Amino acid sequence: MSRIDQMFARLREQEECALIPYIPVGYPTAEGSESLIRTIAESGADLIELGVPYADPLADGPTIQEASLTAVSNGINLKSCISMVSTLRDKGLETPIVLMGYCNSFLAYGLDKLADDAKEAGIDGFIIPDLPSTMAKPFVQIFEARGLKNIFFLAPTTSEAREAAVVEQGQGFLYCISVTGVTGERKSLPAELRDFIHQARQVTELPLAVGFGISNEEHVREVSEYADGAIVGSALINVIKQSASNEIETNVGEFIRQLKQATRKAAATL
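Quick note on numbering: the sequence shown equals residues 1 to 270 in the working numbering.
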């Protein structure tokens, strides 16, 4: 059983929702990135989504776009991200890690080489926002052969044909988009989100993690009532942006601990 499967099985027994923070590798600094990722893990993250910095992150709002560009300016690329995970694993980090990035950089690296290097580094899977599930077969075949999970998106606007492709090929968990649009903090979650997750459960047995707009403890607590995971990106980056450089890890650690506490309710009870 993979690290991701083990994590969701453990949390299901504990009646907890998974907390899945997102942060670009190399943000806010290349030098401090490894330590910050470790702080996120040690403060309660159940799985970490590491962003591969990209100059044109189509699915991301202004906050993550800015963070990604900062990381690009810090000299971080796909090779750096793989190397970062390798270093973290060598130092004993066992938290599941998935890379979130875009097709162009993965194709330029070479899919077979990417899969080999990712497996060796200790990466558990990939999230690729601009990879349509109906065209993902080459990626799935290469990654699956190395035991790497292909995590697909499911949105309220997903067509039946794409939903079928997502369910057939999805592994690890499904990334359920809470709103139409891009990533970013929101004041409240859509009233219809619960029904969307309920409908998704009718077509798949994969864990369902909700992302886009999850901004605070109340959002995580609400999502934990009916989903299996809460993905937090922009809100975490804003905590970093608003912190003095010598207080970033302290503030991030406290933020992650607060969010994790909010997951310790009965998980999906639909």
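Glycine included, C-beta positions come from ideal geometry on N, C-alpha and C. Since the model is a prediction, treat every value here as computed from it, not as a measurement.
Checklist entry - Which word fits Ala121, buried or exposed, when buried means at least 16 other C-beta atoms lie within 10 angstroms of its C-beta? => result If you number the sequence shown from 1, residue 121 lands on position 121. Buried, by the Cβ-count rule.
Checklist entry - At which residue ranges does the region 64–116 contain complete alpha helix (DSSP H) runs of 4 or more residues, listed in the order of the chain? => result Counting whole runs of 4 or more residues, the region 64–116 contains the alpha helix (DSSP H) stretches 78–90 and 103–109.
Item to check | Contact set for Ala71: own chain, Cβ-Cβ below 6 Å, skip 5 residues either direction | outcome: The residue labelled residue 71 in the question sits at position 71 within the sequence shown. Same-chain partners within the cutoff: Pro24, Gly26, Tyr27 and Pro53.
Checklist entry - Hey, Leu293 and Phe255: beta-carbon distance below 8 Å or not? => result Given a span of 1 to 270 for the chain in the structure shown, any question on residue 293 remains unanswerable.
Item to check | Proximity below 8 Å, CB of Glu249 to CB of Ser35 | outcome: For the purposes of this step, residue 249 is taken as the residue at position 249 of the sequence shown. For the purposes of this step, residue 35 is taken as the residue at position 35 of the sequence shown. Yes, Cβ-Cβ distance for Glu249 and Ser35 is below 8 Å.
Item to check | Inter-residue CB distance, Gly147 and Ser2 (contact presumed, cutoff 8 Å) | outcome: Along the sequence shown, read from residue 1 onward, the residue named residue 147 stands at position 147. Along the sequence shown, read from residue 1 onward, the residue named residue 2 stands at position 2. With a Cβ gap of about 7 Å, Gly147 and Ser2 count as contacting.
Checklist entry - Mapping DSSP to helix, strand and coil, what is Glu49? => result Along the sequence shown, one-based indexing puts residue 49 at 49. Note: Glu49 maps to strand in three-state DSSP.
Next on the checklist: Please state the DSSP three-state secondary structure of Ile237.
Outcome noted: On the sequence shown, residue 237 is found 237 positions in, with the first residue counted as 1. Correct three-state label for Ile237: helix.
Next on the checklist: Starting from Val167, trace the beta strand (DSSP E) in both directions and tell me its first and last residue.
Outcome noted: Counting from 1 along the sequence shown, the entry for residue 167 is found at position 167. From DSSP, Val167 is part of no beta strand (DSSP E) but of the alpha helix (DSSP H) over Glu160 to Gln169.
Checklist entry - For Gly253, which of helix, strand or coil comes out of DSSP? => result On the sequence shown, position 253 is the one that residue 253 refers to. Gly253: helix per DSSP, three-state reduction.
Next on the checklist: Just checking: is the beta-carbon of Val140 within a distance shorter than 8 Å of some beta-carbon in chain B?
Outcome noted: Included in the structure is just one protein chain, with no chain B present.
Checklist entry - Roughly how many whole angstroms lie between the Cα atoms of Ala145 and Asp46? => result Translated into the one-based positions of the sequence shown, residue 145 becomes position 145. Translated into the one-based positions of the sequence shown, residue 46 becomes position 46. Those two C-alpha atoms are separated by around 25 Å.
Checklist entry - For Gly75, does the count of other Cβ atoms within 10 angstroms reach 16, so buried, or fall short, so exposed? => result Counting from 1 along the sequence shown, the entry for residue 75 is found at position 75. It counts as exposed.
Checklist entry - Which word fits Ser245, buried or exposed, when buried means at least 16 other C-beta atoms lie within 10 angstroms of its C-beta? => result Residue mapping note: residue 245 aligns to position 245 of the sequence shown, counting from 1. Flag for Ser245 reads exposed.
Item to check | Local Cβ density within 10 Å of Asp124, reported as buried at 16 or more and exposed below that | outcome: Residue numbering aside, residue 124 sits at position 124 when the sequence shown is read from its first letter. Buried, because 16 or more other Cβ atoms sit within 10 Å of the Cβ of Asp124.
Next on the checklist: Can you tell me where the beta strand (DSSP E) holding Leu208 begins and where it ends?
Outcome noted: Taking the sequence shown and counting its residues from 1, the one referred to as residue 208 is at position 208. Unbroken beta strand (DSSP E) run through Leu208: Leu208 to Gly211.
Checklist entry - On the premise that Leu154 lies in contact with Val166, defined as a C-beta separation below 8 Å, what is that separation, rounded to the nearest angstrom? => result Here the question's residue 166 lines up with position 166 in the sequence shown. Here the question's residue 154 lines up with position 154 in the sequence shown. That pair is a contact at about 6 Å.
Checklist entry - What are the boundary residues of the beta strand (DSSP E) that Ile231 is part of? => result Within the sequence shown, residue 231 is the residue found at index 231, counting from 1. Per DSSP, Ile231 belongs to the beta strand (DSSP E) from Gly229 to Val232.
Item to check | Reduced DSSP category for Asn246 - H, G, I as helix; E, B as strand; rest coil | outcome: Residue 246 sits at position 246 when you count from the first residue of the sequence shown. DSSP places Asn246 in helix when its eight states are reduced to three.
Next on the checklist: If you measure between the beta carbons of Tyr102 and Asp130, is that distance less than 8 Å?
Outcome noted: Along the sequence shown, one-based indexing puts residue 102 at 102. Along the sequence shown, one-based indexing puts residue 130 at 130. For Tyr102 and Asp130, yes; Cβs fall inside 8 Å.
Checklist entry - Who are the near neighbours of Ala30 in its chain, counting only those whose CB is closer than 7 Å to its CB and skipping five residues on each side? => result Residue mapping note: residue 30 aligns to position 30 of the sequence shown, counting from 1. The answer, listed in chain order, is Asn74, Gly75 and Ile76.
Next on the checklist: What does the alpha-carbon distance come out to for the pair Glu160 and Gln202?
Outcome noted: Along the sequence shown, one-based indexing puts residue 160 at 160. Along the sequence shown, one-based indexing puts residue 202 at 202. Approximately 13 Å between the Cα atoms of the pair.
Checklist entry - Nearest CA to the CA of Ile231: which residue from Ile240, Ala55 and Ser215? => result Position 231 of the sequence shown holds residue 231. Nearest of Ile240, Ala55 and Ser215 to Ile231, Cα basis: Ser215.
Next on the checklist: In the DSSP assignment, the alpha helix (DSSP H) including Leu148 goes from what residue to what residue?
Outcome noted: Translated into positions along the sequence shown, residue 148 becomes position 148. From DSSP, Leu148 is part of no alpha helix (DSSP H); its letter is neither H nor E.
Item to check | Spatially closest choice to Gly172 from Ala118, Gly61 and Phe126, by CA coordinates | outcome: Here residue 172 is taken as the residue at index 172 of the sequence shown, counted from 1. Nearest option by C-alpha distance: Phe126.
Next on the checklist: For a test of the three-state rule: what should DSSP assign to Phe153, helix, strand or coil?
Outcome noted: Stepping through the sequence shown from its first residue, residue 153 is reached at position 153. Phe153: strand per DSSP, three-state reduction.
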